[in-house]
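Q:
Residue numbers (full-length UniProt numbering): 1 to 378.
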């Protein structure tokens, strides 16, 4: 250009920064940025280049510089940040950008929603992904949603963990048909379901309306025949208690130890949803016999310690608190939480839910006396 006495302007620099960014030449992109007079377009182009180069930390620094120099971010700025953070799985940063866009009334495209959803699935932010689903539904985005097709076209290659989290998200949004479609896609991609994937399907059943459970039974049976047999006995109208106990026992003997509690919790929740309280009690007994519910044992030990405190001259605390879980686990924790709450009711201990999620507390002066007055456990 200088040969023809042409001098680059902001448009030229922006185009060249974009070209070098797409080519992966970050150093050259920065060299041109240093020669250009910064403006919003230049900053946005550089942010997008850092996203393509998978350098989210530099995108964050550029954004801070942009704000400190008095430039206001626009839709293109936030979109570039979302893509950069989403691709790099910077979960907290991406969700903060998403919240800021919502607060400013900036609408996301389907592609940006896809980026957010895949990121949430990949890092295990199932609750946050479910909220994004709700936002999409409220904004009428579902009509244009292409499920996994958009994700594949965008260059993402889903693995078993991503698909497991996506199914969890669909389940929480009660989109049973999409759960089934995603399940079928697992086999189309040649991916073998593992115990956690099956546990996710089981957890989805606890959120599914009774009339739609039949859609998921075949999926679970195909992924894990043993689990499918147990579920069929529960959902089927003719539930033989003896056969159910035997099938459940065989199931827990053949699954990995790290998912036993999750399976048991979900099955208990499913029993409660179906008004099968005897089956729920049978599962609880099986879980205790397999020492799945260590937290319940810990509660008994804690009560024992409280009971012994006055004997040694110690004063009882004015406030008692029990952490029953904050609900952001991969699978349902409600089964165990329900057990602990029911157990405390049996003790007539006046605990209630605290403002802090996942805690039961009591500041009742008689609470400690009630707890230590019950039968201790050895």
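C-beta atoms are modelled at their ideal positions from N, C-alpha and C, and glycine is treated no differently.
None of these values were measured; they are calculated from a predicted model.
Just verifying my parser: in three-state terms, what is the DSSP assignment at residue 67?
A: Residue 67 falls in the helix class under three-state DSSP.
Q: DSSP state of residue 96, grouped into three classes?
A: Residue state, collapsed to three classes: helix.
Q: In angstroms, rounded to a whole number, what distance separates the CA positions of residue 201 and residue 248?
A: Using only the alpha carbons, I get a separation of about 17 Å.
Q: With H, G and I counted as helix, E and B as strand and the rest as coil, what does DSSP make of residue 74?
A: Correct three-state label for residue 74: coil.
Q: Where do the ends of the alpha helix (DSSP H) carrying residue 249 lie?
A: First-last of the alpha helix (DSSP H) with residue 249: 241 to 254.
Q: Alpha carbon to alpha carbon, how far is residue 57 from residue 272?
A: Rounded to whole angstroms, residue 57 to residue 272 spans 47 Å at the Cα level.
Q: If you draw a straight line from the C-alpha of residue 292 to the C-alpha of residue 223, how long is it?
A: Near 23 Å, if we compare the C-alpha coordinates of residue 223 and residue 292.
Q: Do the stretch 180 to 198 and the stretch 212 to 232 meet, that is, are 3 or more Cβ pairs less than 8 Å apart?
A: Yes, the stretch 180 to 198 is in contact with the stretch 212 to 232.
Q: Whole angstroms are fine: how far does the CA of residue 68 sit from the CA of residue 329?
A: Caution applies to residue 329, whose pLDDT of 41 falls short of 50 and renders its modelled position unreliable; the model cannot decide the point.
Q: Hey, out of 312, 318, 234 and 254, whose CA is closest to residue 282's CA?
A: Ranking the options by Cα distance to residue 282, first place goes to 234.
Q: Mapping the DSSP letters down to three states, classify residue 190 as helix, strand or coil.
A: In the structure shown, residue 190 sits in coil (DSSP, three-state: anything other than H, G, I, E or B).
Q: Hey, could you find the ends of the alpha helix (DSSP H) residue 199 is sitting in?
A: Where residue 199 is concerned, the enclosing alpha helix (DSSP H) stretches over 195 to 205.
Q: Mark residue 120 as exposed unless 16 or more other C-beta atoms lie within 10 angstroms of its C-beta, in which case mark it buried.
A: Buried, since its Cβ has 16 or more Cβ neighbours within 10 Å.
Q: Should residue 64 be labelled buried (16 or more other beta-carbon atoms within 10 Å of its own) or exposed?
A: The residue is exposed, with fewer than 16 neighbouring Cβ atoms inside 10 Å.
Q: Relative to the C-alpha of residue 258, which candidate in 194, 275 and 135 has its C-alpha closest?
A: Minimum Cα distance to residue 258 is reached at 194.
Q: If you follow the alpha helix (DSSP H) that residue 274 is in, where does it begin and where does it stop?
A: Counting along the chain, residue 274 falls outside any alpha helix (DSSP H), and DSSP gives it neither H nor E.
Q: Report the CB separation of residue 74 from residue 40 in whole angstroms; it is logged as a contact under 8 Å.
A: 6 Å between Cβ atoms; contact.
Q: Near residue 100, which residues of its chain fall below 8 Å by C-beta distance, leaving aside the five closest residues on each side in sequence?
A: Counting only Cβ-Cβ distances below 8 Å, and skipping sequence neighbours, we find 78.
Q: Taking its Cβ as the centre, do 16 or more other Cβ atoms sit within 10 Å of residue 256, making it buried, or is it exposed?
A: Burial call: exposed.
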